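Visitor: Residue numbers (our numbering), protein chains in the order written: chain A, 1 to 164; chain B, 1 to 344. Before I ask anything, here is the structure I am working with.
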Amino acid sequence: MTFTLGFVERKQMLRSDSWLVFNEEEVAAKVMDGEAIIINLESGMYYSMDGAGADIWSLLSEGITLGQVQTAITSRYGVSAEDAAHDVERLAAQLIEERLLRLAEGAPKPIDMAAWANGGPATQPYSTPELNAYRDMADLLALDPPMPGLRATPWQGPETDGNA
Amino acid sequence: MGAAQAYNSLADRFSQACHDRAVDVHESFYIFGGRRVEFRVVGENLSGRILRPFAHLQVREDASAAIALTVNMWDETEIVTTGGNPFSNLQPGEMAPVEASSDGRFVSYLRPESWIGFDRRERSIATMIADTNRLTLYELGRPLHSPLLLWHRDLGLETVHAGLVALDGRGVLFVGEGGSGKSTASLSCMFAGFSYLSDDYVGLEALPDGSFDGHSLYCSTHLEPSQLRRFPELAPLAQPAKLAREDKWLVLLGDHCPERLSRVAPIEHIVMPVVTGASEPRMRVARKGEALLRLAPTSLLMLPHARRDGLEILGRLVESVPCHWLELGGAPERIPDRVAQLFA
Chain A
1 MTFTLGFVER KQMLRSDSWL VFNEEEVAAK VMDGEAIIIN LESGMYYSMD
51 GAGADIWSLL SEGITLGQVQ TAITSRYGVS AEDAAHDVER LAAQLIEERL
101 LRLAEGAPKP IDMAAWANGG PATQPYSTPE LNAYRDMADL LALDPPMPGL
151 RATPWQGPET DGNA
Chain B
1 MGAAQAYNSL ADRFSQACHD RAVDVHESFY IFGGRRVEFR VVGENLSGRI
51 LRPFAHLQVR EDASAAIALT VNMWDETEIV TTGGNPFSNL QPGEMAPVEA
101 SSDGRFVSYL RPESWIGFDR RERSIATMIA DTNRLTLYEL GRPLHSPLLL
151 WHRDLGLETV HAGLVALDGR GVLFVGEGGS GKSTASLSCM FAGFSYLSDD
201 YVGLEALPDG SFDGHSLYCS THLEPSQLRR FPELAPLAQP AKLAREDKWL
251 VLLGDHCPER LSRVAPIEHI VMPVVTGASE PRMRVARKGE ALLRLAPTSL
301 LMLPHARRDG LEILGRLVES VPCHWLELGG APERIPDRVA QLFA
């Protein structure tokens, strides 16, 4: 028997050495101009984050441990380690809950944190990162799903399978 | 019935229709997404109505040109074929779930008045129309919408939910969710002398130099009665809603102003209309992230075949051109001036 963990339980599972992986089967995401746009192609929900939230998204989705993300945010924004830890953990739990990232197992892949730190201090002051969630498309899709099941079909089309 | 069986049945029955009514087969050619498409339609009533949204894309026959898609259609009330009536399984207004073969090659759609089979590998669509006179305004304004968008995607062309107009051949893409003002902005610009390509769906072609062309698909527009009042020239041409669930009227712009319709334009600006109640239209710079947030969800999630790389392509489009907010409120007649100033 399996159980689905809720927000509180998932949050309790997160530690500073926890790391997450991108849910690439269901999610598309892009950070542009300091704004993260994240789309769950299956549920129809989509999300945005800017400022420190976009940075946290970039780092977490790269597979960096929560502890490393907290250190990077503290360094970039000059925010206290305690505040950064709280915000990163809260946001990580929310991203798991929304099925945008998944809790990973095993050792995280090595990350060159220096490369990210070369971006220098943030140009914007720190503000509590928020995940903005948009339901409008999900509601539309629930009423009129466009083509159930076709997204998962293996046939990729003439341009991509070399038959063009 | 599976999707492969559905397509093969439709293809066989189309052959029957052609055999039985050889003198009534209407053949015509179009350019969709820069590719040549052949339509073969059996039945006078059907051919006279179903092809009108594509009128601006029609080209002459060229036997030497490759055909990238063949579309075969007939009206079962005009030419009865043998093989049964699948529509009897549907309740009024019901749409059966879309079927896809396990390898994804075949897709079939059963709608209240149309049964469509698509062979993606052979790039061939076969369609039975139950009764042309009972097609919804949606089906008359955007024929074969789902399979045509899928065909675009198979060719590597994203389809974006946006309007597109052009001034002196330079395109402006209007982006936003339903009700944001895409149709108002697109039609206002058309009446001010811009070329019109679309107010809802645009085929997006990435070019080797990093720029993007926008391709028109339908020259139809669906307007609420309140929107029609802003464009009195269109009112006499508007086909009123017939069903309770149809809240918009259909206008085929090829009937009104064929000279103002265009097939393709390079996209040079992205403009996001937003109703703010401003006393007159105002243009201001938008962040790239804001533009992608307005463009991507409505384009990727409304289409059945969204893939993760679609967001990457839309991101490249947004990166490649300036992005703007167009604040709307009073004085809509000044919208075209504000848009034209982008090229000043």
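No residue lacks a Cβ here, since even glycine has one placed at the ideal position from N, Cα and C. Keep in mind it's a predicted model, so treat the numbers as computed, not measured.
1) In chain order, what residues of the region 308-321 of chain B put their CB closer than 9 Å to some CB of chain A?
2) Quick one: using the 10 Å Cβ neighbour count with 16 as the cut-off for buried, is B:Leu207 buried or exposed?
3) List, in chain order, every chain B residue whose beta-carbon is nearer than 7 Å to that of A:Lys109.
4) For A:Gly67, which option in A:Ala84, A:Ser61, A:Ala52 has the closest C-alpha, if you only look at C-alpha atoms?
5) Put A:Trp57 into one of helix, strand or coil per three-state DSSP.
6) How should A:Asp55 be labelled, buried or exposed, when 16 other C-beta atoms within 10 angstroms of its C-beta is the threshold for buried?
7) I'd like to know if B:Gly141 contacts chain A, where contact means its C-beta is closer than 7 Å to some C-beta of that chain.
8) Secondary structure at B:Arg229, three-state DSSP: helix, strand or coil?
9) Can you check whether the C-beta of A:Glu35 is within less than 7 Å of a C-beta belonging to chain B?
10) What residues are listed by DSSP as bridge partners for B:Gly163?
11) Measuring only between beta-carbons, confirm whether A:Tyr47 sits less than 7 Å from chain B.
12) Counting contacts by CB-CB distance shorter than 7 Å, is B:Arg245 in contact with chain A?
13) Return the Cβ separation of B:Leu57 and B:Arg263 in integer angstroms, given the expectation that the two are a contact with Cβ distance under 8 Å.
14) Cβ closer than 8 Å: which chain A residues qualify as neighbours of B:Glu177?
15) Could you give the uninterrupted runs of the beta strand (DSSP E) lying entirely in the region 92-134 of chain B, keeping only those of 3 residues or more?
16) Check the Cβ-Cβ distances between A:Ala216 and every residue of chain B, and say whether any is below 7 Å.
17) Kindly indicate which three-state DSSP category A:Met137 falls into: helix, strand or coil?
18) With DSSP collapsed to three states, give me the class of A:Lys30.
19) Listed from N- to C-terminal order along the chain, which residues in the region 282-306 of chain B have their beta-carbon within a distance smaller than 9 Å of any beta-carbon of chain D?
20) Since B:Ile335 is in the alpha helix (DSSP H), which residue starts that stretch and which ends it?
21) Taking just the CA atoms, how far does B:Asp200 sit from B:Ser183?
22) I need the straight-line Cα distance from B:Tyr218 to B:Leu140, nearest angstrom please.
23) Of the choices B:Arg282, B:Glu259, B:His215, B:Ser180, whose alpha-carbon is the least far from that of B:Gly171?
24) Give every residue of the same chain whose Cβ lies closer than 7 Å to the Cβ of B:Leu292, excluding the five residues on either side of it in the sequence, and list them in chain order.
25) Say whether chain B places a C-beta atom closer than 7 Å to the C-beta of A:Ile64.
26) If the cut-off is 9 Å on Cβ atoms, which residues from the region 50-62 of chain A count as contacting chain B, listed in chain order?
27) At the 7 Å Cβ level, is A:Met32 part of the contact set with chain B, yes or no?
28) Listed in chain order, which residues of the region 78-95 of chain A have Cβ atoms closer than 9 Å to some Cβ of chain B?
29) Thinking B:Thr159 and B:Leu149 are a contact (beta carbons under 8 Å), I'd like their distance in whole angstroms, please.
30) Excluding the five sequence neighbours on either side, which residues of its own chain have a C-beta within less than 7 Å of the C-beta of B:Ala17, listed in chain order?
31) Could you pull the start and end residues of the alpha helix (DSSP H) that A:Val69 belongs to?
32) Classify A:Pro129 as buried or exposed, calling it buried when 16 or more other Cβ atoms lie within 10 Å of its own Cβ.
33) Which of the three DSSP states is assigned to B:Cys323 in this structure?
34) Does the CB of A:Ile38 have a neighbour CB from chain B at under 7 Å?
35) Listing by chain order, which chain B residues have their CB less than 7 Å from the CB of A:Leu20?
36) Please state whether DSSP places B:Leu69 in a helix, a strand or coil.
Guide: Straight from the coordinates:
1) Hits within the stretch, in order: Arg308, Asp309, Gly310, Leu311, Glu312, Leu314, Gly315, Val318, Glu319.
2) The residue you call residue 207 of chain B lines up with position 207 of the second sequence. Classification for B:Leu207: exposed.
3) Counted from its first residue, the first sequence places residue 109 of chain A at position 109. The premise fails here: A:Lys109 is roughly 20 Å from chain B at the closest Cβ pair, so nothing lies under 7 Å.
4) Translated into the one-based positions of the first sequence, residue 67 of chain A becomes position 67. Nearest option by C-alpha distance: A:Ala84.
5) Position 57 of the first sequence holds residue 57 of chain A. In the structure shown, A:Trp57 sits in a helix (DSSP, three-state: H, G or I).
6) The residue labelled residue 55 of chain A in the question sits at position 55 within the first sequence. With 16 or more neighbouring CB atoms inside 10 Å of its own CB, A:Asp55 falls in the buried class.
7) Here residue 141 of chain B refers to the residue found at position 141 of the second sequence. Look at B:Gly141: its C-beta is not under 7 Å from any C-beta on chain A.
8) Start at 1 with the first residue of the second sequence, and residue 229 of chain B comes out as number 229. Looking at B:Arg229 - three-state DSSP - the assignment turns out to be coil, as it is neither helix nor strand.
9) Here residue 35 of chain A refers to the residue found at position 35 when the first sequence is read from its first residue. Interface criterion met: the Cβ of A:Glu35 is under 7 Å from a Cβ in chain B.
10) Here residue 163 of chain B is taken as the residue at index 163 of the second sequence, counted from 1. Partner(s): B:Phe174.
11) As a working mapping, residue 47 of chain A is identified with position 47 in the first sequence. Chain B places no beta carbon closer than 7 Å to that of A:Tyr47, leaving this residue out of the contacts.
12) For the purposes of this step, residue 245 of chain B is taken as residue 245 along the second sequence, with counting starting at 1. No, B:Arg245 does not count as interfacial toward chain A.
13) In the second sequence, counting from the first residue as 1, residue 57 of chain B sits at position 57. In the second sequence, counting from the first residue as 1, residue 263 of chain B sits at position 263. The beta carbons of B:Leu57 and B:Arg263 sit about 6 Å from each other, so the pair counts as a contact at 8 Å.
14) As a working note, residue 177 of chain B is residue 177 in the second sequence. For B:Glu177, the chain A residues whose C-beta falls within less than 8 Å of its own C-beta are Asp136, listed in chain order.
15) The region 92-134 of chain B contains, as complete beta strand (DSSP E) runs of 3+ residues, the segments 106-110, 114-119, 124-129 (chain order).
16) Look at the range of chain A in this structure, 1 to 164, and you will see that residue 216 of chain A is not part of it.
17) Residue mapping note: residue 137 of chain A aligns to position 137 of the first sequence, counting from 1. Under the three-state reduction of DSSP output, A:Met137 falls in the helix class.
18) Position 30 of the first sequence, counted from the start, is the residue given in the question as residue 30 of chain A. Looking at A:Lys30 - three-state DSSP - the assignment turns out to be strand.
19) Chain labels in this structure do not include chain D; the protein chains are A and B.
20) Position 335 of the second sequence, counted from the first residue, corresponds to residue 335 of chain B. Bounds of the alpha helix (DSSP H) holding B:Ile335 are 335-340.
21) Locating residue 183 of chain B in the second sequence gives position 183, counting from the first residue. Locating residue 200 of chain B in the second sequence gives position 200, counting from the first residue. Looking at the two C-alpha atoms, the distance is approximately 8 Å.
22) Your numbering for residue 218 of chain B matches position 218 in the second sequence. Your numbering for residue 140 of chain B matches position 140 in the second sequence. Computed Cα separation, rounded: 10 Å.
23) To locate residue 171 of chain B, count along the second sequence from 1; it is residue 171. Measuring from the Cα of B:Gly171, the nearest candidate turns out to be B:His215.
24) As a working mapping, residue 292 of chain B is identified with position 292 in the second sequence. Leu314, Gly315, Val318.
25) The residue you call residue 64 of chain A lines up with position 64 of the first sequence. False, the Cβ-Cβ gap to chain B never drops below 7 Å.
26) Residues are counted here when their Cβ sits less than 9 Å from a Cβ of chain B; for the region 50-62 of chain A these are Asp50, Ala54, given in chain order.
27) Position 32 of the first sequence, counted from the first residue, corresponds to residue 32 of chain A. A:Met32 counts as touching chain B.
28) Within the region 78-95 of chain A, no residue places its CB atom closer than 9 Å to a CB of chain B.
29) By one-based count along the second sequence, residue 159 of chain B stands at place 159. By one-based count along the second sequence, residue 149 of chain B stands at place 149. Correct: roughly 5 Å between the Cβ atoms.
30) Here residue 17 of chain B refers to the residue found at position 17 of the second sequence. So the list reads Val42, Trp74, Ile79, Thr81, once near-sequence residues are dropped.
31) Within the first sequence, residue 69 of chain A is the residue found at index 69, counting from 1. Its alpha helix (DSSP H) spans residues 66-77.
32) Taking the first sequence and counting its residues from 1, one reaches residue 129 of chain A at position 129. Buried is the call here.
33) Sequence index remark: in the second sequence, residue 323 of chain B carries index 323 (1-based). In this structure, B:Cys323 counts as strand in the three-state DSSP scheme.
34) Walking along the first sequence from the start, residue 38 of chain A turns up at place 38. No, A:Ile38 does not count as interfacial toward chain B.
35) In the first sequence, residue 20 of chain A corresponds to position 20, counting from 1. Within chain B, no residue comes near A:Leu20; the closest Cβ sits about 18 Å away, beyond 7 Å.
36) As a working note, residue 69 of chain B is residue 69 in the second sequence. Looking at B:Leu69 - three-state DSSP - the assignment turns out to be strand.
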